[in-house]
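So the sequence shown is numbered by the numbering used here: it starts at 20 and just counts up by one.
No residue lacks a Cβ here, since even glycine has one placed at the ideal position from N, Cα and C.
What follows is a short report on a single structure.
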Amino acid sequence: MGSLPFTPTRVMFFTGKGGVGKTSLACAAAVALADAGRRVLLVSTDPASNLDEVLSVPLASRPTRVPDAPGLFALNLNPDEAARQYRERVVGPYRSLLPASALARMEEQLSGACTVEIAAFDEFITLLADGHTSTDFDHVIFDTAPTGHTLRLLQLPAAWTGFIDTNTTGTSCLGPLAGLQGKVNAYRDGLHALANPDVTTVVLVARPERSAITEAARTSRELADLGVSNQRLIVNGVFTASDPHDPLARALEARGRDALSTMPPALGSLPRTDVPLYPFAPMGLAGVRRMFSFDASPVASAAGERPFALPDRLAAIVDDIERPGHGVILTMGKGGVGKTTTAAAIAVELASRGHDVLLSTTDPAAHVAETIAGATPRLRVTRIDPVAETRLYSEEILAAATPTLDARGRDLLEEDLRSPCTEEIAVFRAFARAVSEGQQGFVVLDTAPTGHTLLLLDAAQAYHREVSRTQGAVPEAVRQLLPRLRDPDFTKVLLVTVPEATPVHEAAQLQDDLRRAGIEPFAWVVNQSFAGMQVSDPVLRERGLREQPHVKEVRDQLATRVAWVPWCTDAPVGRDRLREFARGTKEPALARVAP
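Structural data, given as structure tokens:
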């Protein structure tokens, strides 16, 4: 059992790139404080929360007591339920006053992803401002969503109070502003609380990897610009080889050391805690309590090790993808599982085989360009930039509408386009354009982490309604998007995971969601695996043993096709390394398996 290695404030946020261990560390902090006799509320604002699985407790949107941790309560802010309740608060008072057609228009206006964002933030602010929360709990700890979502969440107070202050029409894409106006002061108070170093600490979580450190540095700067200055850094998964004769262990330690040596000075100046790479996934209270013990000693024996038959390599999946000569490939899954690397490796491999390939991302925290690290013949690399897409979309609508509007009508349209919903629509349009290019060649889309991806896909109908309202026509690329995504001959969805319980189960849930939307995943990719590899370092050996049941679960129960990618000695950055990643060349030795 370990104690919290820093002095806590009343409110703490754990944030960082997807997959760095925010949930595990937020849980560890909450349990440590509860074990010290404090009353703690642990909250997830992530649309793809896995607090339930880590704590082994079914959670709801109201505080639930965590057994065996006296004083600890936890909850999930359910964005969809928060949006439903928000819509009812806005529409409900008008049900007996307005005709059905008017009510239907209001509900349509409240159906977009923007409503989910503001409703979830409304719940977040309510928690901070709630008198019972203030008196019942000594600490409130937020396990936040991946970085792009978190920054939007923190920026919303200024964005929405500014929109409310400048809007003179009484309506917006969120419906009558009377439903928001009463929250202005609460939003402003919430921003002040976030910026008060005596009240709030933001814990930036990273791994000893260049992309995670770069993301933490960017987040730190943007938070500082928002006035959130009380920051500290936790580097999770720092590995020290205990067997100097294990080449994979030496490579893993060297890669982490090299990544940490590139840390920008501003990030390096923050108070820092290094948490070791443990041989186990921190599941359940026993695992969570070990997070701040800093003891990475193995706890399992290798005596029960059995031969392990491995799935196909990624190149076999690429062979099947290549056969039609064109189409769309989407890599999807939990943050931090290697979607960007997988997408880049597939794109580089297809281009090396002579195909024209577009590699693009909808991820707010994109790292595609860094992964490619140079030009590749026949491969174009782009990013769907929300700022640029929003500007282009707004300019096109204004240009098309201005000839038919008087001054007051133009003012109304300009105000509507300043709404945060406009960004969602603009990004969705760009996503549809990219998918349409799959008719001429291959398009590989490195999508955002699961929650954002589902919001993007679910936005289809809301997008149709919104564009029809402001523009009067739906672009052909958008009209064809859902049919194309549902066509297995045109679109191949790859679910990327790592062989651990939470990422595998989250990918399984995503698979169920996709199937309900009429989209059948093409294959799974089990990435960054030690299972079945010849390693002698005791920590890595135990990790490989613990991974085997998860690889088997994917192979035997969840997927129709599986590709397995081992942990690579050399970082998969640059064209040659990405081709090695796809083809399975230049890798540590694999354990012998039975035929």
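Excluding the 5 residues preceding and the 5 following proline 405 in the sequence, name in chain order all residues of the same chain whose CB lies nearer than 8 Å to its CB. Closer than 8 Å at Cβ, skipping near neighbours: Pro383, Glu442, Ala445, Val446.
So what's leucine 417 in DSSP terms, helix, strand or just coil?
If DSSP states are grouped into helix, strand and coil, leucine 417 belongs with the helices.
Is the Cβ-Cβ distance between valine 367 and leucine 147 less than 7 Å? 7 Å or more divides the Cβ of valine 367 from the Cβ of leucine 147.
Cα-Cα, which of Gly344, Gly256, Ala315 is closest to alanine 627? As shown, the chain starts at 20 and ends at 614. That puts residue 627 outside it, with no answer to give.
Classify proline 36 as helix, strand or coil using the three-state DSSP reduction.
The question names proline, yet the displayed sequence has lysine at residue 36. If DSSP states are grouped into helix, strand and coil, lysine 36 belongs with coil.
Open item on the list: Using a 10 Å radius around the Cβ and a threshold of 16 neighbouring Cβ atoms, would you call proline 86 buried or exposed?
Closed with: Within a 10 Å sphere around the beta-carbon of proline 86 sit fewer than 16 other beta-carbons, which makes this residue exposed.
For threonine 188, which of helix, strand or coil comes out of DSSP? Only weak support exists for where threonine 188 lies, its pLDDT of 44 falling under 50; the value from the coordinates is given anyway. Coil at threonine 188, not helix or strand.
Q) Which of helix, strand or coil does DSSP assign to isoleucine 340? A) Shown here, isoleucine 340 sits in a helix according to DSSP, grouped into three states.
When you compare each of Pro284, Leu513, Asp293 to valine 347 by their alpha carbons, which one comes out closest? Per the Cα distances, Leu513.
task: Quick one: using the 10 Å Cβ neighbour count with 16 as the cut-off for buried, is leucine 61 buried or exposed?
output: Buried: at least 16 other Cβ atoms inside 10 Å.
| Buried or exposed by the 16-neighbour rule on C-beta atoms within 10 Å, applied to glutamine 530 | The residue is buried, with at least 16 neighbouring Cβ atoms inside 10 Å.
(Q) Looking at the strands, I want to know which residues DSSP matches up with aspartate 293. (A) Note: aspartate 293 sits in a beta bridge opposite Val254.
Quick check: does the Cβ of alanine 47 come within less than 6 Å of any heavy atom belonging to the ligand MG? No copy of the ligand MG appears in this structure; indeed no ligand is present at all.
>> Please return the same chain residues whose Cβ sits closer than 6 Å to the Cβ of arginine 602, not counting the five positions on each side in sequence.
In response: If we look at arginine 602 and ignore the five residues flanking it on each side, its Cβ neighbours are Ala334.
Note to self: For threonine 154, count the other beta carbons within 10 Å of its own beta carbon; 16 or more makes it buried, fewer makes it exposed. Which is it?
What the structure shows: Its Cβ having fewer than 16 others within 10 Å, threonine 154 is exposed.
- Query: According to the Cβ coordinates, are proline 220 and methionine 31 closer than 7 Å?
  - Reply: In the sequence under discussion, the amino acid at residue 220 is threonine, which differs from the proline named in the question. Going by C-beta atoms, threonine 220 is nearer than 7 Å to methionine 31.
Worksheet item: By DSSP, does arginine 266 sit in helix, in strand, or in coil?
Response: Correcting the residue identity first, residue 266 is proline in this sequence and not arginine. In this structure, proline 266 counts as helix in the three-state DSSP scheme.
- Buried or exposed: where does tyrosine 412 fall if 16 or more other Cβ atoms within 10 Å of its Cβ makes it buried? Counting every other CB atom within 10 Å of its CB across the protein chains shown gives tyrosine 412 a total of 16 or more, marking it as buried.
Q.
I'd like the span of the alpha helix (DSSP H) that includes alanine 1, first residue to last.
A. This structure leaves residue 1 out entirely; the chain is present only between 20 and 614.
Notebook entry, point to check: In chain order, what residues of the same chain have a beta carbon less than 7 Å from the beta carbon of leucine 96, not counting five sequence neighbours either side?
Noted result: Within the same chain, Cβ atoms closer than 7 Å to the Cβ of leucine 96 are found at Val62, Ser63, Thr64, Ser80, Ala139, Glu142, Phe143, the five residues on either side in sequence being excluded.
Next on the checklist: Using a Cβ-Cβ cutoff of less than 8 Å, which residues in the same chain neighbour arginine 429 once the five nearest sequence positions on both sides are dropped?
Outcome noted: In its chain, beyond the 5 residues on either side, Leu417, Ala420, Thr421 have a beta carbon closer than 8 Å to the beta carbon of arginine 429.
Point to revise | glycine 56 versus proline 89 - alpha carbon distance | key: Looking at the two C-alpha atoms, the distance is approximately 8 Å.
Original post:
Quick one: what does DSSP say glycine 346 is sitting in, helix, strand or coil?
Top reply: Collapsing the DSSP output to three states places glycine 346 in a strand.
- prompt: DSSP beta-bridge partners for proline 585?
  reply: Here proline 585 is bridged, per DSSP, to Ser548.
Open item on the list: Between the alpha carbons of threonine 466 and isoleucine 403, how many angstroms are there, rounded?
Closed with: When rounded, the distance between both Cα atoms is 10 Å.
Residue ranges of each alpha helix (DSSP H) within the segment 487-529, 4 or longer:
Counting only runs of 4 or more, we get 495-498, 500-505.
(Q) Can you look up phenylalanine 600 in the DSSP assignment and give me helix, strand or coil? (A) Three-state result, phenylalanine 600: helix.
* To do: Identify whether threonine 259 lies in helix, strand or coil by the three-state DSSP scheme.
  => Coil at threonine 259, not helix or strand.
Could you compute how far the alpha carbon of glutamine 547 sits from the alpha carbon of proline 343? Distance between the alpha carbons of glutamine 547 and proline 343: 29 Å.
Q) Per the contact definition of three or more C-beta pairs closer than 8 Å, is the segment 293-307 in contact with the segment 554-563? A) A contact is defined here as three or more CB-CB pairs under 8 Å, and the segment 554-563 meets this definition with respect to the segment 293-307.
**Q.** Local conformation of threonine 64 per DSSP, three classes
**A.** The answer is coil: DSSP assigns threonine 64 none of H, G, I, E or B.
Does any residue of chain E bring its CB to less than 7 Å from the CB of threonine 28? Included in the structure is just one protein chain, with no chain E present.
* **Helix, strand or coil at alanine 93 according to DSSP, with G and I counted as helix** => Strand.
Q | Neighbourhood of methionine 282 by C-beta, 6 Å cutoff - its chain only, sequence neighbours within 5 removed | A | Ile232, listed in sequence order.
Endpoints, the alpha helix (DSSP H) within which arginine 402 is located: Secondary structure note for arginine 402: it is in no alpha helix (DSSP H), and the uninterrupted beta strand (DSSP E) holding it is 398-402.
Check: Taking three-plus beta-carbon pairs below 8 Å as touching, is the segment 268-277 in contact with the segment 577-596?
Finding: Verdict: yes, contact present.
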